[in-house]
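Notes follow the structure.
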Amino acid sequence: MAKLAWPGTTEMIGYRAYLIGSDGHIQQRIDLLCDADEAAKEQAEQFVDGHDVELWQLNRRICEFKAKE
Numbered sequence: 001m002a003k004l005a006w007p008g009t010t011e012m013i014g015y016r017a018y019l020i021g022s023d024g025h026i027q028q029r030i031d032l033l034c035d036a037d038e039a040a041k042e043q044a045e046q047f048v049d050g051h052d053v054e055l056w057q058l059n060r061r062i063c064e065f066k067a068k069e
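Under UniProt numbering, the very last position in the sequence shown is 69; numbers go up by exactly one each time.
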């Protein structure tokens with residue numbers, strides 16, 4: 001499938017941040033639109049608050065942020 005962007009604009013990429021509960025199961029999914037992996041990492045890291053966060057782009061795992069204990 002072709003991805004289209006207006007001339008002079010940045011194409012946004014869809015990411016998903018999964019909030020992981022203490023039982024290891026997904027508690028919540030947050031959809032993100034960012035222009036690159038680094039921007040998505042910065043956004044996802046903000047959701048670390050007592051639980052782990054996994055960041056995915058389609059079937060590619062970008063990173064995991066561990067909850068601070």
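Yeah, the Cβ is synthetic: ideal placement off N, Cα and C, and Gly gets one too.
- Assignment of beta-bridge partners to Phe-65 by DSSP yields Val-53.
- Non-local beta-carbon contacts of Trp-56 in its own chain, meaning distances under 6 Å to residues more than five positions away in sequence, involve Arg-16 in chain order.
- Distance between Ala-40 and Glu-54, taken at the CA atoms: about 11 Å.
- Non-local C-beta neighbours of Arg-29 in its own chain, meaning closer than 8 Å and more than five positions away in sequence, comprise Arg-16, Ala-17, Tyr-18 and Leu-19, ordered along the chain.
- Cβ contact annotation for Ser-22 (same chain, cutoff 8 Å, sequence separation greater than five): His-51, in chain order.
- With distances taken between CA atoms, Glu-69 lies nearest to Asp-49 out of Arg-61, Asp-49, Cys-63 and Arg-60.
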